[in-house]
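Protein chains in written order, with the numbering used here: chain A, 5 to 212; chain B, 262 to 575. Don't be surprised by glycine CBs; every beta carbon is placed ideally from N, CA and C. What follows is a set of notes on a single structure, which appears directly below.
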Amino acid sequence: MLRWCFYALLVRPLTWIVLGLNVRHRERLPTSGPVILVANHNSHLDTMVLISLFPLRLLPKLRPVAAADYFLKNRFMAWFSMKVIGIIPVARGGAAGDPLEGASDAIARSDMVILFPEGSRGEPEQLTGFKKGVWHLGKRHPGVPIQPVFLHGLGKALPRGEALLVPFFCDVFVGEPMAWMPDRDAFMKELQCRMNALVQDAHFPPWE
Amino acid sequence: MTWSSLPEPLRYAILGVGSILVAASLLVALLTLLKPAKDFSELKLRVRTWWIMSAVFLGALAFNRTGILCFFAFLSFLALKEFLSMIPTRRADRRVLFWAYLAIPVQYLWIGMDWYGMFLVFIPVYMFLFLAMRTVLIQETEGFLKAVGTLHWGLMVSVYALSHGAWLALLKPTNGAHGGGLGLLLMLVFLTQFNDVSQYIWGRTLGRTPALPKVSPKKTMEGLLGGVATTVTLSVLLAPRFTLLTKSESLMAGLIIGFGGFIGDVVISAVKRDLHLKDSGELLPGHGGILDRVDSLFFTTPLFFHFVKYLDRF
């Protein structure tokens, strides 16, 4: 209920009115799980925008995977991240136990799992190399489609380390779903390629 | 809110625009039937968006003063956001851009307060100086002039020019006569948009001589002159009936709107060409972005406004 209010009454007006989204290939968005949505990561707004792309009835299925060390760092943050944003926490940097357990369970329940394989928000509006967690997750669920989505402009609106949101129109490019591949390096290369191909014809104004 | 409680010019506008849109929809349906081989999806989308835009605009005018101010402020916000999203900006200037957004509520507040002098100078003088000051405090000199110049240009286009439409709507005749600013605003917006469409139609049917081939290859002299003639005719026919303008004043207003609309259109075209963009955005399917639609208004609104003020009857 709290999560519904947060996304319906706060996040949606924010992403659709304060920011404004230009969605390319909206028809490619999946209408049910299980699916692994893979996006580039520049801002806290990335998750908000991705979830706003889907109808509210899918909200219980939409689960962003987020770093436990950041999102669970104190009790309030942990409560807010788990109950309101609805994250699946993942331990970064080789902690004990199975880091992908939560995400894997969610996929088994036909959830739509959102993954940012860059690992952190990094420098705004720059795509860094993908971490291989997505391949390992795919390995456990080889039949589940993996769908790339490219986001542009959110790093301008709210970059890392800034608390002030400045409105910008943002571009969302939805890619075609792809299948998992046993060859890890080939898979990672293919995913990166598809991500880059999504924005090949796009024109972004310079931002230095 | 009942039909008879709506202001008279608005009732005529709803009926007039409604019938034009019904005719346009019928025409598109007829064309699709007669020429099944041709693709009219773009035209269909355009007409559909016209329906929505007209409904939102006329709907907003049915509200009180605050409704009109909020509508124009929101329009300015969308236009400024679109402008700032399409131009190159500097990362260091994020906070400056935030201040530029804050100019929107303040500018419309002056209108709400009826503070004419401040409404006129706030953006061209105070925001001009303030944004330069705020930018210099960041101490990033690389690209400084371009950053402050483009930001202020964007404010002038999307906030200052459009805000004249809100003031126009709230004008009252000084002698207490019947017929205020609402009719003037409706006349301005209707003639500006109709001018766009008729320049396009004249250009498509008779166009031979390119007007400004390097800026906008599809714009022709025939389109321009045919459009201006249509707009002047419509203005002389309609404006004396629905506003306090006389016949000769309506003729002048038609010329201002006809030529001003053309210039606004090509100025925004030049900006987009400079930025290597086709459309300014995607908010209005079939039209492009907000700036693509208000491009002609950004010239005609302040020009028509000051023409009306000059007549000294409001």
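With a Cβ-Cβ cutoff of 8 Å, do A/M5 and A/L62 count as a contact?
In the first sequence, the residue the question calls residue 5 of chain A occupies position 1. In the first sequence, the residue the question calls residue 62 of chain A occupies position 58. Not in contact: A/M5 and A/L62 (Cβ atoms no closer than 8 Å).
What residue range does the alpha helix (DSSP H) around B/R307 cover?
As a working note, residue 307 of chain B is residue 46 in the second sequence. Taken as a continuous stretch (DSSP letters only), the alpha helix (DSSP H) holding B/R307 covers S302 to L322.
When you compare each of A/L162, A/M199, A/V53 and A/H45 to A/A71 by their alpha carbons, which one comes out closest?
Position 67 of the first sequence, counted from the first residue, corresponds to residue 71 of chain A. Ranking the options by Cα distance to A/A71, first place goes to A/H45.
Going by CA-CA distance only, name the one from B/L429, B/S541, B/F568 and B/V397 that's closest to B/L555.
As a first step, residue 555 of chain B must be located in the second sequence, where it is residue number 294. At residue 555 of chain B the sequence reads Val, which differs from the Leu that was named. When only C-alpha atoms are compared, the closest one is B/S541.
So, at 6 Å on beta carbons, what are the nonlocal neighbours of B/S477 in its own chain, with the 5 sequence-adjacent residues on each side left out?
Looking up residue 477 of chain B in the second sequence gives position 216. Take B/S477, set aside five residues on each side of it, and the residues of its chain with a beta-carbon closer than 6 Å to its own are V527 and S530, in chain order.
For B/F333, which of B/V458, B/A490, B/L429 and B/A284 has the nearest alpha-carbon?
Counting from one through the second sequence, the residue named residue 333 of chain B turns up at place 72. Selected option, being the one with the closest Cα: B/L429.
Among residues of its own chain, excluding the 5 on either side of A/M182, which ones have a beta-carbon nearer than 6 Å to its beta-carbon?
Residue 182 of chain A sits at position 178 when you count from the first residue of the first sequence. If we look at A/M182 and ignore the five residues flanking it on each side, its Cβ neighbours are I150.
Using a Cβ-Cβ distance cut-off of 8 Å, determine whether A/G137 contacts chain B.
Here the question's residue 137 of chain A lines up with position 133 in the first sequence. With 8 Å as the cut-off, A/G137 does not count as an interface residue toward chain B.
Tell me the DSSP secondary structure of A/L195 in three-state form.
Counting from 1 along the first sequence, the entry for residue 195 of chain A is found at position 191. Three-state DSSP puts A/L195 in a helix.
Should A/W24 be flagged as near chain B, meaning a C-beta pair shorter than 8 Å?
Looking up residue 24 of chain A in the first sequence gives position 20. According to the sequence displayed, residue 24 of chain A carries Gly and not Trp. Cβ-Cβ to chain B under 8 Å: yes for A/G24.
Does any C-beta atom of chain B lie closer than 8 Å to the C-beta of A/L66?
Translated into the one-based positions of the first sequence, residue 66 of chain A becomes position 62. Using a CB distance cut-off of 8 Å, A/L66 does not count as an interface residue toward chain B.
Determine whether the beta carbon atoms of B/G487 and B/L467 lie at a separation below 8 Å.
Within the second sequence, the letter at position 226 stands for residue 487 of chain B. Within the second sequence, the letter at position 206 stands for residue 467 of chain B. Yes. Within cutoff.
Using a Cβ-Cβ cut-off of 8 Å, state whether A/F173 counts as contacting chain B.
As a position in the first sequence, residue 173 of chain A is number 169, starting the count at 1. Output row for A/F173: interface = yes.
Anything in chain A within Cβ reach of B/L538, meaning under 7 Å, just list it in chain order.
On the second sequence, residue 538 of chain B is found 277 positions in, with the first residue counted as 1. Under the 7 Å cutoff, chain A gives H207.
For B/F350 and chain A, any beta-carbon pair shorter than 8 Å?
Numbered from its first residue, the second sequence carries residue 350 of chain B at position 89. The sequence given here places Thr at residue 350 of chain B; Phe does not occur at that position. Residue contact with chain A for B/T350: present (Cβ-Cβ distance below 8 Å to some residue of chain A).
Would B/S346 and A/G157 qualify as a contact pair, given that the criterion is a beta-carbon distance under 8 Å?
The count along the second sequence starts at 1 and reaches residue 346 of chain B at position 85. The count along the first sequence starts at 1 and reaches residue 157 of chain A at position 153. Their beta carbons are under 8 Å apart, which means B/S346 touches A/G157 by this criterion.
How far does the alpha helix (DSSP H) with B/A531 in it reach, from first residue to last?
As a working note, residue 531 of chain B is residue 270 in the second sequence. B/A531 -> alpha helix (DSSP H) spans K508 to D535.
My parser needs the alpha helix (DSSP H) runs of 4 or more residues fully inside the segment 399-459 of chain B; what are they?
405-416 and 423-430
By Cβ distance, which residues of its chain are closer than 8 Å to A/L104, with the 5 residues on each side in sequence left out?
Within the first sequence, the letter at position 100 stands for residue 104 of chain A. Cβ within range, chain order: V94, G137, H140, L141 and R144.
Any beta carbon of chain B sitting closer than 8 Å to that of A/L18?
Here residue 18 of chain A refers to the residue found at position 14 when the first sequence is read from its first residue. No - not a single Cβ of chain B is within 8 Å of the one on A/L18.
Helix, strand or coil at A/N43 according to DSSP, with G and I counted as helix:
Translated into the one-based positions of the first sequence, residue 43 of chain A becomes position 39. According to the sequence as given, residue 43 of chain A is Ala; it is not Asn. Reduced to three states, the DSSP call for A/A43 is strand.
Anyone know if the C-beta pair for A/V27 and A/V178 falls short of 8 Å?
Position 23 of the first sequence holds residue 27 of chain A. Position 174 of the first sequence holds residue 178 of chain A. A contact, by the Cβ cut-off of 8 Å.
By a C-beta neighbour count over all protein chains shown, 10 Å radius and 16 as the cutoff for buried, is A/I21 buried or exposed?
Position 17 of the first sequence, counting from 1, holds the residue named residue 21 of chain A. A/I21 comes out exposed.
Keeping to the same chain, check which residues put their C-beta closer than 6 Å to that of B/G464; ignore five residues upstream and five downstream.
Walking along the second sequence from the start, residue 464 of chain B turns up at place 203. So the list reads T481 and G484, once near-sequence residues are dropped.
When you compare only the Cα positions, how much space is there between B/G550 and A/F154?
Looking up residue 550 of chain B in the second sequence gives position 289. Looking up residue 154 of chain A in the first sequence gives position 150. Cα-Cα distance, rounded: 21 Å.
Residue of A/R30, A/W184, A/R198 and A/L13 minimising C-alpha distance to A/V88
Working through the first sequence from its first residue, we reach residue 88 of chain A at position 84. The candidate whose alpha carbon is nearest that of A/V88 is A/L13.
Span of the alpha helix (DSSP H) around A/H140
The residue you call residue 140 of chain A lines up with position 136 of the first sequence. Per DSSP, A/H140 belongs to the alpha helix (DSSP H) from G137 to R144.
Could you tell me the distance, in whole angstroms, from the CA atom of B/R355 to the CA atom of A/V170?
As a first step, residue 355 of chain B is located in the second sequence; it is residue number 94 there, counting from the start. As a first step, residue 170 of chain A is located in the first sequence; it is residue number 166 there, counting from the start. If you take the alpha carbons of B/R355 and A/V170, they lie about 7 Å apart.
For a contact defined as C-beta to C-beta under 8 Å, what are the partners of A/G157 on chain B?
Counted from its first residue, the first sequence places residue 157 of chain A at position 153. Correct list: S346.
With A/A71 as the anchor, note down where its beta strand (DSSP E) starts and where it stops.
Within the first sequence, numbered from 1, the residue matching residue 71 of chain A stands at position 67. Segment L66 to A71, the beta strand (DSSP E) holding A/A71.
Minimum length 4: unbroken alpha helix (DSSP H) runs contained in the segment 52-135 of chain A
72-75, 79-83 and 105-112
Just to confirm the assignment, what range does the alpha helix (DSSP H) spanning B/L553 have?
Counting from 1 along the second sequence, the entry for residue 553 of chain B is found at position 292. With the sequence shown as reference, residue 553 of chain B is identified as Asp, and Leu is not the correct amino acid for it. That run of the alpha helix (DSSP H) goes I551 to V555.
Among residues of its own chain, excluding the 5 on either side of A/V148, which ones have a beta-carbon nearer than 8 Å to its beta-carbon?
Residue numbering aside, residue 148 of chain A sits at position 144 when the first sequence is read from its first letter. Taken in chain order, the residues that qualify are P38, V39, I40, I111, G142 and W184.
Here's the rule: buried if 16 or more other CB atoms are within 10 angstroms of the residue's CB, otherwise exposed. What is B/V386?
The residue labelled residue 386 of chain B in the question sits at position 125 within the second sequence. With fewer than 16 Cβ atoms within 10 Å of its Cβ, B/V386 is classed as exposed.
If distances are taken between C-alpha atoms only, which option among A/F10, A/F80, A/S56 and A/P68 comes closest to A/L119?
Here the question's residue 119 of chain A lines up with position 115 in the first sequence. Of the listed residues, the one whose Cα sits closest to A/L119 is A/P68.
Whose C-beta lies closer than 6 Å to the C-beta of A/G123 among residues of the same chain, with five residues either side of it excluded?
Working through the first sequence from its first residue, we reach residue 123 of chain A at position 119. Around A/G123: K135.
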